[in-house]
Amino acid sequence: MPLKVLIVEDDPDSLELMTYLFRAFGHEALGAGSGDMALRVAASASPDLILCDLRLPGMDGYQLLTRLKADPALQSIPVVAVTAYAMPGDRERVMSAGFDGYVSKPIDPENFVRQAEAFSGRG
Amino acid sequence: MALLERDARVLYSNVAAANLLGYSADDLTGQNFLELVHNEDSARAQSSFRECLKRPGLPVTAELRLRHGGGAWRSLEIVAVNRLNVPRFCAVVLSYSDVTDRRQTEDAKARLAAIVESSDDAIIGETLEGVITDWNLAAERLYGYTAEEAIGRSIRMTVPADRMGELGDDYMSRILRGERVDHLETVRLRKDATRLDVSITVSPIRDDHGNIIGLSKSSRDITERRRFEAELWRKNIELEIANRAKDTFLASMSHELRTPLNAIIGFTGTMLMKLPGQLTRDQERQLQLVQLNARHLLSLINDLLNLAKLQSGKAELQFEAVDCRAAAEEVAATLRPTAEAKGLALELALPGEECRVHTDRRSLVQILINLTTNAIKFTSAGGVRLEIERRPAGREGPRWIDFCVVDTGFGIRREDQARLFRAFQQFHPQGSEAEAGSGLGLHLSQRIAVLLGGKISALSEPGKGSAFTLTLPDK
């Protein structure tokens with residue numbers, strides 16, 4: 000069963016790459032370039048999975064996570080950080096902030112969609 | 000009493016006078032009294048005796064050390080009167096008493112006083128009411144009052160109004176219980192009303208019966224130390240800010256370098272996965288080269304940034320009891336697909352019983368992954384084995400654990416072995432088709448091993464294989 004994935008990403012090339020990959024594997028992909036937009040799209044489209052960059056204009060990924068987890072209608076959606084913050088210690092920082100998963104950039108194109116499916120609970 | 004002749008020979012001594020010097024009256028008689036005097040006192044004794052001969056009837060007093068019949072030196076206070084012209088005596092009449100004990104006490108007191116005077120710390124004696132009774136030279140220097148000005152006045156003249164509370168009941172009751180107050184860091188006033196930072200130690204003074212009758216205070220100027228501490232604190236803050244700026248810089252460098260690589264590696268990948276459509280053989284080959292180089296660039300960036308982070312001393316190590324076997328199995332699980340893709344076996348040789356080492360788990364795994372990746376990379380046939388062995392406990396020092404990665408690869412030329420752990424060194428063994436790495440992997444691993452209190456050593460025979468051993472201390 001295809002997934003509906005919301006990708007929150009301000010780098011247009013990365014957004015295009017991930018969108019392309021999900022669609023190529025038969026999933027539905029929605030994009031949002033900022034946290035505010037992501038909250039609006041999430042509320043109206045009820046995605047199965049949210050992939051979220053950490054460095055975003057305005058509200059950052061951590062703040063977006065807090066808002067999503069505080070909303071009863073959205074808090075059950077898994078939120079996975081997809082980030083270029085990949086120094087030693089970053090994964091632990093992200094996971095302890097309450098994200099449901101962590102994927103470092105550059106992503107591994109061959110495995111990325113499979114990883115995301117696993118995070119959605121429908122792997 | 001003893002009687003001396005004009006030439007100082009003893010004419011007569013009563014028993015008491017002889018015994019005081021440890022002789023019988025007979026033994027003392029006939030001896031030259033001046034010859035019993037200590038060398039250092041001899042000149043003084045001679046001149047006192049001459050003085051005495053010159054002034055008949057006038058008592059002359061001297062304190063001299065004389066040799067006791069038992070061999071020891073005694074201090075005597077001697078009074079001599081010339082009665083040579085008095086018919087009943089016709090002699091110099093001596094009377095003396097032993098003042099050795101008094102002399103020793105006085106010497107000890109003088110020594111103590113000299114020590115107190117020469118001390119660099121201000122030493123002050125006070126009554127329980129705070130009246131100053133003693134005031135040494137250092138106190139004069141520190142507080143600006145002479146001993147004359149200070150003695151008899153209240154110690155409160157040195158205490159600023161805002162510090163009077165320190166002299167309250169709590170402090171006095173501690174002194175009265177006989178306790179010391181150690182290194183009270185506070186502020187005092189000089190005579191010229193300037194404030195100074197001092198460290199004061201207060202101890203009770205007792206009389207012969209053990210009653211507490213006063214306080215002794217030794218105070219030390221810590222203005223300079225305070226200034227130094229403040230300076231150090233400021234420098235630390237500056238360093239902290241600089242370090243944080245460096246951290247932020249490294250983190251955003253990492254982010255900025257990785258973001259474009261995401262598109263490069265990602266879209267090269269989608270094309271190689273043939274998602275947009277079929278590729279010609281040349282296109283595929285060329286895209287593979289793009290991907291290979293992009294991945295190489297990524298590993299360079301990773302290593303460089305990790306090295307920079309290590310150099311800024313910001314490596315975050317968390318020492319805990321780490322299960323060695325689990326760590327090794329994690330490494331094997333991560334790298335087995337790579338090894339098997341090359342047709343190599345990746346084996347583990349682990350201890351039978353549980354084996355824990357007190358170290359940083361992430362660093363341990365990082366080093367083992369680096370060593371094992373290298374082994375796989377430089378081996379074309381055979382296999383790679385990861386062994387863990389606890390060394391027998393030595394008599395002292397830590398226990399050591401060896402993590403050894405053994406391969407059947409190309410080995411390392413002898414001339415290359417010396418530069419294995421240097422930065423930016425790359426190796427191309429004969430027969431190996433392995434692509435070049437960043438030249439930082441072993442260098443980084445060795446630096447991390449040192450941070451963990453251990454080291455990595457290498458043994459290799461060209462053509463037969465290599466063994467890299469990480470040795471870690473277990474506390």
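Just so you know, the sequences run in chain order A and B.
Per numbering that gives the first Met the number 0, the first sequence starts with residue 0, numbered consecutively.
Per numbering that gives the first Met the number 0, the second sequence starts with residue 0, numbered consecutively.
By construction, the Cβ of each residue, glycine as well, lies at the ideal position given by its N, Cα and C atoms.
D406/B versus L458/B: straight-line alpha-carbon distance, rounded: 11 angstroms
Beta carbons nearer than 7 angstroms to chain B: which residues of the stretch 8-34 of chain A have them? Across the stretch 8-34 of chain A, CB contacts with chain B closer than 7 angstroms involve D10, D12, S13, L16, Y19, L20 and A23, in sequence order along the chain.
Is E329/B closer than 8 angstroms to V544/B when the C-beta atoms are compared? Lying before the first or after the last residue shown, residue 544/B is absent from chain B, which here runs from 0 to 474.
Output, in sequence order along the chain, the residues in the stretch 274-297 of chain B whose CB is closer than 7 angstroms to any CB in chain A. L274 and L297
Cβ of Y84/A within 8 angstroms of any chain B Cβ: yes
Please list the partners that S253/B has in chain E, where partner means a Cβ-to-Cβ separation under 9 angstroms. In the displayed structure, chain E is absent; the protein chains listed are A and B.
For L306/B, I'd like the list of residues in its chain whose CB is within less than 7 angstroms of its CB, leaving aside the five on either flank, ordered along the chain. L439 and L443
Strictly by DSSP, which residues pair up with L468/B? For clarity, residue 468/B is Thr in the given sequence; the question names Leu instead. DSSP output for T468/B lists C403/B and S456/B as bridge partner(s).
Taking three-plus beta-carbon pairs below 8 angstroms as touching, is the stretch 60-73 of chain A in contact with the stretch 34-43 of chain A? yes
Chain B within 8 angstroms of P71/A, Cβ atoms only: no
Please tell me whether R54/A has its Cβ less than 8 angstroms away from any Cβ of chain B. Yes, R54/A lies at the interface with chain B (some Cβ there is under 8 angstroms from its Cβ).
According to the Cβ coordinates, are L29/A and L50/A closer than 8 angstroms? no
Look at the Cβ atom of S198/B, then the Cβ atom of R219/B, and state whether they are nearer than 8 angstroms. S198/B places its beta carbon less than 8 angstroms from that of R219/B.
Residues of chain A with CB under 7 angstroms from E319/B, in chain order? Neighbours of E319/B on chain A: none; closest Cβ ~14 angstroms, over 7 angstroms.
Check the Cβ-Cβ distances between I264/B and every residue of chain A, and say whether any is below 8 angstroms. yes
Since I believe C323/B is in contact with I400/B (beta carbons under 8 angstroms), could you give me their beta-carbon distance rounded to a whole number of angstroms? Indeed, because the Cβ distance is near 7 angstroms, the residues count as touching under 8 angstroms.
Measure the CB-CB distance between L478/B and A448/B and report whether it falls below 8 angstroms. The structure shown does not extend to residue 478/B, since chain B spans only 0 to 474, so no value can be given for it.
Under 8 angstroms Cβ to Cβ from H67/B, same chain only, skipping five residues before and after it: list those, please. Counting only Cβ-Cβ distances below 8 angstroms, and skipping sequence neighbours, we find L20, G21 and R73.
Less than 8 angstroms between CB atoms is the rule here; does L303/B satisfy it with respect to chain A? no
Provide the residue(s) that pair with D97/B in DSSP beta bridges, ordered along the chain. L75/B
Helix, strand or coil: which one does DSSP assign to D47/A? coil
Buried or exposed: D47/A, going by 16 or more other Cβ atoms within 10 Å of its Cβ? buried
Return the Cβ separation of A90/B and L141/B in integer angstroms, given the expectation that the two are a contact with Cβ distance under 8 angstroms. At roughly 59 angstroms, the Cβ-Cβ gap does not stay under 8 angstroms, so A90/B and L141/B are not in contact.
Would a check of beta-carbon distances place M171/B closer than 8 angstroms to chain A? no
May I have the straight-line CA-CA distance separating P71/A from H427/B, to the nearest angstrom? 58 angstroms
Nearest residue (CA-CA) to R446/B, options H357/B, N373/B and Q310/B: Selected option, being the one with the closest Cα: Q310/B.
Please name the residue in D97/B, D119/B, A326/B and L83/B whose C-alpha comes closest to that of E353/B. Between E353/B and the set D97/B, D119/B, A326/B and L83/B, the nearest pair of CA atoms involves A326/B.
Ordered along the chain, which non-local residues of its own chain (more than five positions away) have a Cβ less than 6 angstroms from that of E8/A? L14 and D52
Nearest-angstrom Cα separation, counted from A229/B out to L518/B: Lying outside 0 to 474, the shown extent of chain B, residue 518/B is not represented and no answer is given.
Could you name the residues that DSSP lists as bridge partners for K245/B? Bridge partners of K245/B: none, in fact.
Using 8 angstroms as the threshold, is the stretch 108-125 of chain B in touch with the stretch 206-219 of chain B, meaning 3 or more CB pairs across them? Three or more pairs of CB atoms, one per stretch, sit closer than 8 angstroms, so the stretch 108-125 of chain B contacts the stretch 206-219 of chain B.
Check whether the Cβ of E315/B lies closer than 8 angstroms to any Cβ atom in chain A. yes
Minimum Cβ-Cβ distance from I49/A to chain B less than 8 angstroms: no
Which whole runs of the beta strand (DSSP E) in the stretch 296-333 of chain B are 3 residues long or more, in chain order? 318-322
Let me know the secondary structure DSSP gives N81/B once reduced to three states. strand
Does I6/A come within less than 8 angstroms of chain B when only Cβ atoms are used? no
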